[in-house]
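Numbering (this note's numbering), first residue to last: 9 to 91. Positions of the beta carbon are idealized from the N, C-alpha and C atoms, including for glycine. This report refers to the structure that appears directly beneath it.
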């Protein structure tokens, strides 16, 4: 029986911020790091785009949120994984 190497998971780390002068303003992407592939959502993972749009695309394409934390009242990060 042949030995196969398991496929590495795809990881996407997104940092976000919201406008501190507008309470309830949407979270916007500030930086992204992709290990592996983020297809077909790569075009949505750019600074200043809405975090919720990127998350919806990633979740619809097999990613799940592993960690979601706030760094401050107006910033944080999300780590997603697709096996």
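Enclosing alpha helix (DSSP H) for residue i [first to last residue]
| i | result |
| --- | --- |
| residue 62 | 59-68 |
Between the CA atoms of residue j and residue i - distance to the nearest angstrom
| i | j | result |
| --- | --- | --- |
| residue 61 | residue 42 | 17 angstroms |
| residue 48 | residue 78 | 26 angstroms |
| residue 90 | residue 73 | 9 angstroms |
| residue 75 | residue 58 | 18 angstroms |
8 angstroms contact criterion, which residue i and residue j should meet: CB distance rounded
| i | j | result |
| --- | --- | --- |
| residue 12 | residue 23 | About 35 angstroms; that fails the 8 angstroms criterion. |
| residue 66 | residue 88 | 5 angstroms |
| residue 53 | residue 40 | 4 angstroms |
Cut-off 7 angstroms between Cβ atoms - residues of its own chain near residue i, not counting five sequence neighbours on either side
| i | result |
| --- | --- |
| residue 45 | 18 |
Segment limits, beta strand (DSSP E) that includes residue i
| i | result |
| --- | --- |
| residue 86 | 83-90 |
| residue 23 | 18-25 |
Next item on the list: Answer yes if the segment 13-33 comes into contact with the segment 71-84, meaning at least three C-beta pairs across the two stretches below 8 angstroms, and no otherwise.
Entry: Look at the beta carbons and you see the segment 71-84 touching the segment 13-33: at least three pairs across the two are nearer than 8 angstroms.
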